[in-house]
Amino acid sequence: MNFNVEEIRKDFPILNKKIYNKPLVYLDNGATTQKPAVVIDRVHQFYSQFNSSIHRGVHYLSEQATEEYEKARKTVQRFINAKHDYEIIFTSGTTGSINGLAFSFGEKYVHKGDEIIITEMEHHANIVPWQMLCERKEAQLKILPFNNKGDLEIEKLNNLISDKTKLISVTYVSNALGTINPVKDIIDLAHKQNIPVLIDGAQAIQHISIDVQELDCDFFVFSGHKMYGPTGIGILYGKENWLENLPPFQGGGDMVDVVTFEKTTFNALPFKFEAGTTNYIGAIGMAEALHYIENTGIHSINKHEEEILGYATHNLEIIGGITMYGTSEKKSSIISFLINGIHQYDAGMVLDKMGIAVRTGTHCAQPVMQHFNIDGTIRVSIGLYNNKSDVDRLCEGIIKVKEMFS
Ligand code: PLP
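Numbering (numbering that gives the first Met the number 0), first residue to last: 0 to 405.
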């Protein structure tokens, strides 16, 4: 399929917007992506024509809504090549997925003295829930460090693992450094010692083709809003065996079989993990976003984004006076940097006035900033609709920032 970025841009209404009378350059895709018209229309169409609570009613609208929701589940299953549709749990997002799993897994499998391994480059969403679990259970959180290029010191993993290790949780792509981690190697190594692995796919799913069976990960999580879908919806994928054996992390309607005051039995997968009225409109919108990515082609998207990443990295470097954070050979769509002598926040404010949206701050990855002893970076994160002209505008903006503060 031919990838034509100018045609793609027409699919995203917000890209026509002017900010302070300047055409928008949106380079904050790591935080959230913009939505194509097909997703916006689908959500609008669903509310205006099919809205009804799922799984509950015998009436026409409820049946329609249920059918579309379950179709959305199958779309996600196909997209990540899960073995079964009931291994796909709809949640509120990556954060919701990890918190739910940390609670559920922790209740059953983590006891005093046990250990959980994460890495130094995790988003807070993949740190804090494990920390909370470790406090609750008097377990220990162990950290796999990264080097100054932003590569995990994978050779140290074997020594971190012990017979107390209950789970390893690692991000596929770092949201603060852009590093693509060797997750397959980590999974293989962990499995040799029967340790399950959770992959945080929040920054990978929109850029890299994901096959959970090939990866052989035990859990994989991601958010709809970072992959051109709606907010408030995300996925917890788990292998059947794990999900069958884990307790639910929320109680309420829909997740039960029989409820009496003496005892409650739980529904089958996946409903056991979907208590209450789920964000079914979000799920349907997310499936539309997945269709959009499928129709565009994830490999074409990946190739295009790599080109823009290379172009942006090169053009930022030749400006001079810029320090890059995260210089791994294997990177995806994220450039973290500082303009020497200029605070990231000041730079971000000036860029904003030129209609250029970048992220400044710690990117919810404070340990990454602590590693480099800085209080934040400017983060440029690329989406499928970014073009070379966006990069040119960014570079012009940065040159202007340097002039202003020199
Ligand atoms: N994990 C990573 C790597 C992320 O980049 C993010 C968000 O930036 C999250 C988790 C949390 O995602 P959400 O806020 O959609 O739950």
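In this text, a Cβ means the ideal position worked out from N, Cα and C, and glycines have one as well.
- [ ] Can you say whether Tyr171 is buried or exposed, counting buried as having 16 or more other CB atoms within 10 angstroms of its CB?
- [x] As a working mapping, residue 171 is identified with position 172 in the sequence shown. By the neighbour-count rule (16 or more Cβ atoms within 10 Å), Tyr171 is buried.
- [ ] Tell me whether the beta-carbon of Gly200 lies closer than 8 Å to the beta-carbon of Gly325.
- [x] As a first step, residue 200 must be located in the sequence shown, where it is residue number 201. As a first step, residue 325 must be located in the sequence shown, where it is residue number 326. Their beta carbons are not under 8 Å apart, which means Gly200 does not touch Gly325 by this criterion.
TODO: Report the three-state DSSP secondary structure of Pro128 (helix, strand or coil).
DONE: Counting from one through the sequence shown, the residue named residue 128 turns up at place 129. In the structure shown, Pro128 sits in a helix (DSSP, three-state: H, G or I).
Task: Of the listed residues Glu106, Tyr227, Ile300, nearest to Lys136 (C-alpha basis) - done: Within the sequence shown, residue 136 is the residue found at index 137, counting from 1. Of Glu106, Tyr227, Ile300, the residue nearest in Cα terms is Glu106.
TODO: State buried or exposed for Thr93, treating a residue as buried only when at least 16 other CB atoms are found within 10 Å of its CB.
DONE: Numbered from its first residue, the sequence shown carries residue 93 at position 94. Within a 10 Å sphere around the beta-carbon of Thr93 sit 16 or more other beta-carbons, which makes this residue buried.
Task: Residues bridged to Ser380 (per DSSP) - done: Walking along the sequence shown from the start, residue 380 turns up at place 381. DSSP lists Asp27, Ile333 as partners of Ser380.
Task: Cβ separation of Trp129 and Ile115, assumed to be a contact under 8 Å, to the nearest whole Å - done: Looking up residue 129 in the sequence shown gives position 130. Looking up residue 115 in the sequence shown gives position 116. Between Trp129 and Ile115 a beta carbon distance of about 5 Å is seen, short of the 8 Å cut, so the two are scored as contacting.
Task: Cβ-heavy atom distance, Gln365 to the ligand ATP, below 7 Å - done: Judged by which ligands are present, the ligand ATP is missing from the structure shown, whose ligands are the ligand PLP.
Task: Residues passing the C-beta test against the ligand PLP heavy atoms, cut-off 5 Å - done: Listed along the chain, these residues meet the criterion: Gly92, Thr93, Thr94, His122, Ala124, Thr170, Asn174, Asp199, Ala201, Gln202, Ser222.
TODO: Within 10 angstroms of the Cβ of Asn28, are there 16 or more other Cβ atoms? Answer buried if so, exposed if not.
DONE: As a working note, residue 28 is residue 29 in the sequence shown. Counting of Cβ neighbours within 10 angstroms places Asn28 among the buried residues, the total reaching 16 or more.
- [ ] Note down, in chain order, each residue of its chain lying with its Cβ closer than 6 Å to the Cβ of Ala203, except the 5 sequence neighbours on either side.
- [x] Position 204 of the sequence shown, counted from the first residue, corresponds to residue 203. Counting only Cβ-Cβ distances below 6 Å, and skipping sequence neighbours, we find Tyr171, Val172.
Task: Beta-carbon contacts of Leu159 that lie in its chain and below 7 Å, excluding the five residues immediately before and after - done: Translated into the one-based positions of the sequence shown, residue 159 becomes position 160. Scanning its chain for C-beta atoms nearer than 7 Å, with the 5 sequence neighbours on each side dropped, one finds around Leu159 the residues Ile116, Lys141, Leu143, in chain order.
TODO: Return the first residue and the last residue of the beta strand (DSSP E) that Asp256 is part of.
DONE: In the sequence shown, residue 256 corresponds to position 257, counting from 1. First-last of the beta strand (DSSP E) with Asp256: 255 to 258.
Open item on the list: Suppose you measure from the CA of Asp256 to the CA of Thr277; what does that come to, to the nearest Å?
Closed with: Counted from its first residue, the sequence shown places residue 256 at position 257. Counted from its first residue, the sequence shown places residue 277 at position 278. When rounded, the separation of the alpha-carbon atoms in Asp256 and Thr277 is 17 Å.
Open item on the list: I'd like to know if the stretch 305 to 325 and the stretch 221 to 232 are in contact, where contact means that at least 3 CB-CB pairs between them fall below 8 Å.
Closed with: At 8 Å Cβ cutoff, the stretches do not touch.
Open item on the list: Do Phe89 and Glu273 have their beta-carbon atoms positioned less than 8 Å apart in this structure?
Closed with: Taking the sequence shown and counting its residues from 1, one reaches residue 273 at position 274. Taking the sequence shown and counting its residues from 1, one reaches residue 89 at position 90. Contact flag set, yes.
Open item on the list: Let me see if you follow: with CB-CB separation under 8 Å, is Glu243 close to chain D or not?
Closed with: Looking for chain D here will not work: only one protein chain is present.
TODO: Could you check what DSSP says for Thr74 in three-state terms: helix, strand or coil?
DONE: Residue 74 sits at position 75 when you count from the first residue of the sequence shown. In the structure shown, the three-state DSSP call for Thr74 is helix.
TODO: State yes or no: is the C-beta of Thr312 within less than 8 Å of the C-beta of Leu337?
DONE: Along the sequence shown, one-based indexing puts residue 312 at 313. Along the sequence shown, one-based indexing puts residue 337 at 338. For Thr312 and Leu337, no; Cβs fall outside 8 Å.
Open item on the list: My assumption, with CB atoms under 8 Å, is that Thr295 sits in contact with Leu383. Please give the rounded CB distance.
Closed with: Residue 295 sits at position 296 when you count from the first residue of the sequence shown. Residue 383 sits at position 384 when you count from the first residue of the sequence shown. Indeed, because the Cβ distance is near 7 Å, the residues count as touching under 8 Å.
Open item on the list: Suppose you measure from the CA of Glu239 to the CA of Tyr19; what does that come to, to the nearest Å?
Closed with: One-based indexing of the sequence shown puts residue 239 at position 240. One-based indexing of the sequence shown puts residue 19 at position 20. Rounded to the nearest angstrom, the gap between the Cα atoms of Glu239 and Tyr19 is 51 Å.
Task: Beta-carbon gap between Lys82 and Gln212 smaller than 8 Å - done: Along the sequence shown, one-based indexing puts residue 82 at 83. Along the sequence shown, one-based indexing puts residue 212 at 213. Closer than 8 Å, so yes.
Open item on the list: With the cut-off set at 8 Å, would you say Gly223 and Gly281 are in Cβ contact?
Closed with: Locating residue 223 in the sequence shown gives position 224, where the first residue counts as 1. Locating residue 281 in the sequence shown gives position 282, where the first residue counts as 1. With a cutoff of 8 Å on beta-carbon distance, Gly223 and Gly281 are scored as near each other.
TODO: State buried or exposed for Gly149, treating a residue as buried only when at least 16 other CB atoms are found within 10 Å of its CB.
DONE: Taking the first residue of the sequence shown as 1, we reach residue 149 at position 150. It counts as buried.
TODO: Tell me whether the beta-carbon of Leu245 lies closer than 8 Å to the beta-carbon of Phe49.
DONE: Numbered from its first residue, the sequence shown carries residue 245 at position 246. Numbered from its first residue, the sequence shown carries residue 49 at position 50. Taking 8 Å as the cut-off, the beta carbon of Leu245 is found no closer than this to the beta carbon of Phe49.
Open item on the list: Could you compute how far the alpha carbon of Val220 sits from the alpha carbon of Lys163?
Closed with: Counted from its first residue, the sequence shown places residue 220 at position 221. Counted from its first residue, the sequence shown places residue 163 at position 164. Taking the CA atoms as reference points, Val220 sits about 24 Å from Lys163.
TODO: Just the C-alpha distance for Tyr46 and Glu6, rounded to the nearest angstrom, thanks.
DONE: To locate residue 46, count along the sequence shown from 1; it is residue 47. To locate residue 6, count along the sequence shown from 1; it is residue 7. Straight-line spacing of the CA atoms in Tyr46 and Glu6 works out to 28 Å.
Task: Beta-carbon gap between Ser332 and His190 smaller than 8 Å - done: Taking the sequence shown and counting its residues from 1, one reaches residue 332 at position 333. Taking the sequence shown and counting its residues from 1, one reaches residue 190 at position 191. No. Outside cutoff.
Task: Beta-carbon proximity list for Gln192, same chain, < 7 Å, skipping 5 on both sides - done: Locating residue 192 in the sequence shown gives position 193, where the first residue counts as 1. Within the same chain, Gln192 has close Cβ partners Ile160.
Open item on the list: Suppose the cutoff is 7 Å on Cβ atoms and the five residues either side in sequence are ignored; what does the same chain contact list for Thr166 look like?
Closed with: Sequence index remark: in the sequence shown, residue 166 carries index 167 (1-based). According to the sequence as given, residue 166 is Leu; it is not Thr. Excluding positions up to five away in sequence, the list reads Phe104, Ile115, Ile194, Pro195, Leu197.
Task: Helix, strand or coil at Thr277 [DSSP, three-state] - done: Against the sequence shown, residue 277 aligns to sequence position 278. DSSP places Thr277 in coil when its eight states are reduced to three.
- [ ] List the endpoints of the continuous beta strand (DSSP E) containing Lys16.
- [x] By one-based count along the sequence shown, residue 16 stands at place 17. Annotation: Lys16 is outside any beta strand (DSSP E) and is labelled neither H nor E by DSSP.
Task: Three or more C-beta pairs below 8 Å linking the stretch 295 to 311 and the stretch 339 to 357 - done: No contact exists between the stretch 295 to 311 and the stretch 339 to 357.
- [ ] Take Lys111 and list the residues in its own chain whose beta-carbon comes closer than 6 Å to its own, dropping the five residues that flank it on each side.
- [x] Position 112 of the sequence shown holds residue 111. Same-chain partners within the cutoff: Glu137.
Open item on the list: Considering Cα atoms alone, identify which of Pro366, Ile297, Phe145 is closest to Asp210.
Closed with: The residue labelled residue 210 in the question sits at position 211 within the sequence shown. Nearest C-alpha to Asp210 among Pro366, Ile297, Phe145: Ile297.
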